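Undergrad: Residue numbers (full-length UniProt numbering): 1 to 215.
One structure coming up, written as structure tokens, with questions to follow.
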């Protein structure tokens, strides 16, 4: 609702990603400009390389090195079309290479983080290098994913239920707070206004250290 004067552009933080079919250095600009045209924006706040592996137009494996792609992101940063750049789905060694060979330091890494995949080593490494860690799929197997139910605990897990009762929260809020207390920015997905408010309402309490470890 920026056009209506409800919010200004600098009050909104926009993140988008570079898809795997545009990993060659010159293709990064094409992909980014397409995103800018679709959104009607002049710049993106955070631009992430979605995966360290590229694919060709037919989705066969591309031999483009991810450092070539990273240099394309750096180009966009120098042009001012993106305010900051980062990566997604990188492991520690790949992240270290970006730090060693890049000229612009990634400000963020987005990875899958939830109680079934805790990513302790990678989170610590990223934070030691002053990067923000963003965690996607923060509920893991606790909820349906891609229309399927996966093995593992669910939202009615007794441990989560007990902790939720203690704080007067839902089990979903407990899991999101677990991420926050581990210095991870969780990225829950919802189009439900009630759940959106529920997801936001997690900043009036903190989990105990032993609760974090148990989860």
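We put the CB at the ideal spot given by N, CA and C, even for glycine.
Here the structure is a predicted model, which means the values were calculated and not measured.
1. When the Cα of residue 94 is compared with those of 83, 81, 111, which residue comes out closest?
2. Hey, would you say residue 106 sits closer than 8 Å to residue 85, going by beta carbons?
3. Taking C-alpha atoms, which residue in 60, 163, 96, 155 lies nearest to residue 130?
4. Tell me where the alpha helix (DSSP H) around residue 167 begins and ends.
5. Look up residue 112 in the DSSP assignment and give the residues it is bridged to.
6. Identify every residue that forms a DSSP beta bridge with residue 49.
7. I need the boundaries of the beta strand (DSSP E) containing residue 185, first residue and last residue.
8. Mapping DSSP to helix, strand and coil, what is residue 117?
9. Just confirm the distance between the C-beta atoms of residue 74 and residue 102, as a whole number of angstroms; I'd bet it's less than 8 Å.
10. For the ligand COA, is there any heavy atom lying closer than 7 Å to the beta carbon of residue 16?
11. Name the two residues that bound the continuous alpha helix (DSSP H) containing residue 179.
12. Per DSSP, residue 44 is paired with what?
13. Beta-carbon within less than 6 Å of residue 126's beta-carbon, same chain only, minus the 5 sequence neighbours each way: which residues are those?
TA: Taking the definition as stated:
1. Translated into the one-based positions of the chain shown, residue 94 becomes position 94. Ranking the options by Cα distance to residue 94, first place goes to 111.
2. By 1-based counting over the chain shown, the position of residue 106 is 106. By 1-based counting over the chain shown, the position of residue 85 is 85. Yes, they are a contact pair.
3. Here residue 130 is taken as the residue at index 130 of the chain shown, counted from 1. Out of 60, 163, 96, 155, 96 has the C-alpha closest to the C-alpha of residue 130.
4. Indexing the chain shown from 1 puts residue 167 at position 167. Its alpha helix (DSSP H) spans residues 158-167.
5. Your numbering for residue 112 matches position 112 in the chain shown. Partner(s): 136.
6. Position 49 of the chain shown, counting from 1, holds the residue named residue 49. Per DSSP, 18, 87.
7. Within the chain shown, the letter at position 185 stands for residue 185. Residues 184-187.
8. For the purposes of this step, residue 117 is identified with residue 117 of the chain shown, where counting begins at 1. Strand.
9. Locating residue 74 in the chain shown gives position 74, counting from the first residue. Locating residue 102 in the chain shown gives position 102, counting from the first residue. With a Cβ gap of about 7 Å, residue 74 and residue 102 count as contacting.
10. This structure lacks the ligand COA; in fact it carries no ligand of any kind.
11. One-based indexing of the chain shown puts residue 179 at position 179. That run of the alpha helix (DSSP H) goes 171-181.
12. If you number the chain shown from 1, residue 44 lands on position 44. 82, per the DSSP bridge assignment.
13. Taking the first residue of the chain shown as position 1, residue 126 is located at position 126. Contacts found: 109, 133.
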